[in-house]
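One structure below.
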Amino acid sequence: MGSLGQVIRRWLDERFGLESLLQFAKKKTVPVHRHSVWYYLGGMTLFLFVIQVLTGILLLLYYRPSPNEAFESVQYIMTHVKFGWLIRSVHSWAGNLMILTAFLHMFSVYFMRAYRKPRELTWISGMLLLFLALGFGFSGYLLPWNTLAYFATKVGTEMAAQVPLIGKWLLVFLRGGEEVTGATLTRFFGFHVAVLPGLTTILLALHLVLVQKFGMSVPESVERQWTATGGQRREMPFFPNFALRDLMGWYIALGVLGALAALMPWELGVKADPFASAPAGIRPEWYFLFAFETLKFIPAKIWFIDGEVLGVLAFGIAGLLWLLIPFLDRKPGERWRVFFLGLGIFVVVFMAVTTLPTLIASLMK
Amino acid sequence: MTMPSHPVAEESRAKSRRRFMQVVLGSGIVASIVSFLYPALRYMIPPTTGELGSDTVVAGNAKELRANSGKIFKFGSKPGLLIRLRDGSYRAFSATCTHLNCNVQYRADMQRIWCACHNGMFDLNGRNVSGPPPRPLEDYAVHLRGEDIVVQRKKAG
Amino acid sequence: MNMQVRCWFTVLLAILGCSAFALAADQCLLCHQMLEGKLKTPTDTWAEDIHGQKGLTCAACHGGDANTDDMMKAMSRAAGFVGKPARSRIPRLCARCHSDGAFMREYNPSLRTDQLAQYRTSVHGKRLAAGDTKAAVCSDCHSVHEIRPASNPLSTVHPLKVAETCARCHVNGEYMKAYKIPTDQFAGYQASAHYAAMANRGDLSAPTCSTCHGNHGAAPPGVASVENVCSTCHVFQAQLFDESPHKKAFAAMNLAACIACHSNHRIVPPTDAMLGTGPGSICLNCHVEGDAGYAKAAQMSQSIAELEKALANSDAILDRAERSGMEVSQPKLEQGEARENLIKARVNIHSFDPAKVAGVVAAGKKLAAKTYRAGREALRERDFRRKGLAISLITILVVLFGLRMKLRSIEARQAAQADEANKDSL
């Protein structure tokens, strides 16, 4: 048995330089300090993404992307296909959890300022991955073609129309027409299973390669502490120590997903009727609530600009600035550190305040 | 460092503990993988209930209906009415009366579709001809596939 | 002729032409539009009147000459001017055209032409013939100068508007004093299921006054014919009633069939409390404890209550299953079928035969039992899932425990190696 393994190793090494890869893997370490618990979030997001791909492929075996059959096919999966309820609920829950861990991962990187040189592109690819994850969420939400999804998509795409200059074109592009119809469903399905996965694969590969290249970043405060005490950097080998810990986290995640699927299965709702009036309290999924609630509070007209247009523009610019943070936070100095720290806290608090009350209220119902 | 009392015994105890741990971990991992793979594999086997088709359904058997009779069949989540006319041909309609949603029935004596709730009457084309119903019954396409009578929703427009 | 003369000639011709055309239009209308008050009011709405739209002039009903703008000529006796027709003459005035088949064919061949004949059989017509000018005539219901076809939602005789048109007189206690009939019909009707269908759901087929009383031949149906009227829609109930002992009994007591229990105008949505021997029961209006009818009422009421309970039970279990996340849309659909049996059972009450009711109830109970079983099955599936979850959670815990142990042993070994290295370097 051992010699077969050695034969394969040699075969691969002669062609792909396996030995140097294995050496790299052996040498890879992870810094250990009081903030290193946040390091698990990236791997957790990746794990949940893999879960999404696997359960998504399984769902593809039965799902039908047409308005006549979408709802019925999901109902079929939930009721007739063996363990269909499990696959579907896991897919819906893991999707939401993935977006949650992605946000946590992004904020932890932000507060640890891990985006500084040389990791700027890692941050940018990561932010783009976050936008893609939100795109996955938005496109996937429509696929069961139930009432909530239909009207949430209607409202969401209407906001796209508020983008100045290209808004109308963007709306038609997203909807596959003027209204949300079967064309929208087909289009969103194409985005969800082909376009977004393709883009994600490329960006994810880039992101992971960059992380391997530059290793894990250490927060400045910890660096200072280490140089001050003159001691060794405390490092943990990635294989097997960190990897086993990662694995434990993933098993816990599996347990949580199983429990959620069995005890709090994802709702199916009622088939969408485009001609019925929208039910009260239509809102998008929780990860868009901060934008939705903020836009609700902006007055209809500020000066001569339409309130919603201003809101969408503001969010766009904010998103862009956030994307370019590594290029904005370049100067050294305590004042800058405090400024960006304050900015980060403001963003987190703002998003929490605009998301949590509505979310809790709807969960209490 | 304190010296172990029996280095060999200690060594073998440690070895057996490690072996035990390996067995526990190995079997745990295998069991967990099975508990993940089994549902996934079972899922991939198509259920026996077959065609999901909410647009198409087998409404009955060619031998089932005599001429000038009708039967109710399930079409997705709503009832449908399959009629066999005097000349042997088939018609199919939604069985939900357009007045107040009672189930209609075929009246062989009048060769009409009748709603018992308020005496609504539809003709053999589903058109509302008498009584309260305001609209005709939705009609479906009927095809014969071997012995099966297949009813299909008509495409819009 | 030179150019200038030609131009002026054309203009003159145009003016003359227009005047000629103007003179051909309804002069009555043009003049009265410029007046005030009561003489102007008819012109305000004439554009919406179907007669005006079809090209009839004022003279068609009022006589006179509509082509001249000379008031004396237009409204002269010689030209046949009648002025405001007397109320007693209005039916015959309208019938001059509306009973003329050949004439009406030129405008709307499918319109009936028997309105006057019907009217003469109605209470209104008879009273008018007897000299009572308070009785309703054509213009009271159809309006005078804004008559619209009945299919027009703005028409006073549109199915959704008929009741309020009749109520204009029939609710007015003062107006109706001499006739010694109640004036609570409209109020009663407004509490009825028929009114709810008409006013709230806009159901054009919902019974309104004219549905049961007739429109032109309006009269209350006689005691013997009430059942015929109701049975035009409520066929099953009437058929069952005809086979029941109540038919002969009611006829003997000169009780109108349906009205005796359901009232004529205040036909409220029926409840199960109306049946049986409890409070609110209508059966107790005639039956007393000990008689055969009393026992049958109790039996039927009991049957129906049992079916309701069975349905409630299976509803409850299906709801429980649904709340735990199980998908039970199919059994819920079948539950709808089971509920139809409840409706059928209630219809079968009109046979006043407990056996008939029991038969339908039994079928309903069978279906309810089926859906109950489906609910139980769903709960069993839920328990199976929870057990499966428990098993996989246990395997996960075992793995976590194993991983932790492995990690600990690895890290202990690594620490020992590091210690060794340190010791060596010392």
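Residue numbers (my numbering), protein chains in the order written: chain A, 1 to 365; chain B, 1001 to 1157; chain C, 2001 to 2426.
No residue lacks a Cβ here, since even glycine has one placed at the ideal position from N, Cα and C.
Counting only runs of 3 or more residues that sit fully inside the segment 2051-2104 of chain C, no beta strand (DSSP E) segment turns up. In this structure, DSSP gives residue 2331(C) a helical state, which the three-state scheme calls helix.
Excluding its 5 nearest sequence neighbours in each direction, residue 2258(C) has C-beta neighbours in its own chain below 7 Å: 2226, 2227, 2230, listed in chain order. Nearest in C-alpha terms to residue 1041(B), of all of 212(A), 8(A), 54(A), is 54(A).
Against chain B, the beta carbon of residue 83(A) has neighbours under 7 Å at 1039, 1042, 1043, listed in chain order. In the three-state reduction of the DSSP assignment, residue 1074(B) falls in the strand class. Looking from the CA of residue 2193(C), the closest CA among 2265(C), 2104(C), 2346(C), 2070(C) belongs to 2265(C).
A residue is called buried once 16 or more other Cβ atoms fall within 10 Å of its Cβ, and residue 131(A), having fewer, is exposed. Any Cβ of chain A closer than 8 Å to the Cβ of residue 1047(B) would place that residue at the interface, and such an atom is present. Along the length of the segment 2208-2241 of chain C, whole beta strand (DSSP E) runs at least 3 residues long do not occur. For residue 2259(C), the closest Cβ of chain B is not nearer than 8 Å. For the segment 118-130 of chain A, the set of positions with a beta-carbon nearer than 8 Å to some beta-carbon of chain C is empty.
The Cβ of residue 79(A) sits closer than 8 Å to at least one Cβ of chain C. Across the segment 230-253 of chain A, CB contacts with chain C closer than 9 Å involve 236, 237, 240, 241, 244, 245, 247, 248, 251, 252, in sequence order along the chain.
Closer than 7 Å at the C-beta level to chain A, one finds these residues of the segment 2316-2327 of chain C: 2325, 2327. Residue 1105(B) sits in a strand when the DSSP states are folded into three classes. At least one CB of chain C lies nearer than 8 Å to the CB of residue 75(A). Look at residue 76(A) here: in three-state DSSP terms it is helix.
DSSP places residue 1139(B) in the uninterrupted beta strand (DSSP E) bounded by 1139-1145. Between the alpha carbons of residue 213(A) and residue 24(A) lies a distance of about 10 Å. DSSP lists 301(A) as the bridge partner or partners of residue 306(A). Residue contact with chain C for residue 265(A): present (Cβ-Cβ distance below 8 Å to some residue of chain C).
Your pair residue 1037(B) and residue 2399(C) does not check out as a contact, with CB atoms roughly 14 Å apart and the cut at 8 Å.
Nearest CB-CB separation between residue 2061(C) and chain B: not below the 8 Å threshold. The C-beta distance from residue 2028(C) to residue 2059(C) rounds to 7 Å, short enough to fall under 8 Å.
Taken in chain order, the members of the segment 2225-2249 of chain C whose beta-carbon sits within less than 9 Å of a beta-carbon on chain B are 2231, 2232, 2233, 2234, 2235, 2236. Residues of the segment 2374-2401 of chain C with a C-beta less than 9 Å from any C-beta of chain B: 2388, 2391, 2392, 2394, 2395, 2396, 2397, 2398, 2399, 2400, 2401, listed in chain order. Closest in alpha carbon position to residue 26(A), among 316(A), 235(A), 319(A), is 235(A).
Within 7 Å of the CB of residue 268(A), the CB atoms of chain C belong to 2327, in sequence order along the chain. The C-beta distance from residue 1091(B) to residue 1124(B) rounds to 6 Å, short enough to meet the 8 Å contact threshold.
With respect to chain A, the C-beta atom of residue 2050(C) has no partner C-beta closer than 8 Å. Chain C has a Cβ within less than 8 Å of the Cβ of residue 1132(B). For the 8 Å CB-CB criterion, residue 64(A) and residue 78(A) do not form a contact.
Residue 1115(B) sits in a strand when the DSSP states are folded into three classes.
Contact between residue 67(A) and residue 247(A) fails: their C-beta atoms lie close to 42 Å from each other, not under 8 Å. Between the segment 146-157 of chain A and the segment 166-180 of chain A there are three or more inter-stretch CB-CB distances shorter than 8 Å, so the stretches are counted as touching.
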